[in-house]
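Before any comments, here is the structure.
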Amino acid sequence: MVTRYGDVQVQVTVQDGRLKDVVSLRLTDVDGTSGWISAGAAAVLRQEALDVQSAQIDSLSSATYTSEAYAQSLQSTLDAAGAR
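The structure is reproduced here in structure tokens:
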């Protein structure tokens with residue numbers, strides 16, 4: 028997904044219809060401030076996705092663009108994987 032600060036792309040591992048892992052392949056502007064914020068947010072977003080087993084995750088106030096793009100990329104990837 029594209030944000031005003033760069034792209035966000037995640038990869039998922041699904042096993043037996045359950046979300047087992049989420050890996051951030053690309054986060055916003057890795058060289059600037061947005062990259063620093065995204066790197067910190069990625070771990071929180073990953074854990075929340077694993078906890079709720081979906082892309083229905085809350086946006087982090089300090090990383091709104093990254094959060095929204097992360098959730099969109101996650102949902103798109105889950106749809107492609109045939110997960111819930």
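Just so we're aligned: 38 in this note's numbering is position 11 of the sequence shown, and the numbers increase by one with no gaps anywhere. The beta carbon of each residue, even a glycine, is placed where N, CA and C say it ideally should be.
Thinking C-alpha only, which one of the options is nearest residue i?
i: aspartate 48; options: Thr93, Ala82, Ala96 and Tyr32; result: Ala82
i: tyrosine 97; options: Asp43, Thr55 and Gly44; result: Thr55
i: glutamine 99; options: Ser51, Gly44 and Asp43; result: Ser51
i: glutamine 108; options: Thr30, Gly44 and Arg31; result: According to the sequence provided, residue 108 is alanine. The question's glutamine does not apply to it. The shortest Cα separation from alanine 108 among Thr30, Gly44 and Arg31 belongs to Gly44.
Would you mind giving the Cβ-Cβ distance between residue i and residue j, rounded to the nearest angstrom? I have them listed as a contact below 8 Å.
i: valine 41; j: leucine 101; result: Wrong, their Cβ atoms sit about 11 Å apart, outside the cutoff.
i: valine 37; j: threonine 104; result: 6 Å
i: isoleucine 80; j: leucine 46; result: Correcting the residue type first, residue 80 is glutamine in the shown sequence and not isoleucine. That pair is a contact at about 5 Å.
i: serine 86; j: glutamate 95; result: 6 Å
Let's test the definition: count the other Cβ atoms within 10 Å of the Cβ of residue i and tell me whether it reaches 16, buried, or not, exposed.
i: glycine 33; result: buried
i: serine 61; result: buried
i: serine 65; result: buried
Helix, strand or coil, according to DSSP, for residue i in the structure here?
i: aspartate 56; result: coil
i: glycine 67; result: helix
i: glycine 62; result: helix
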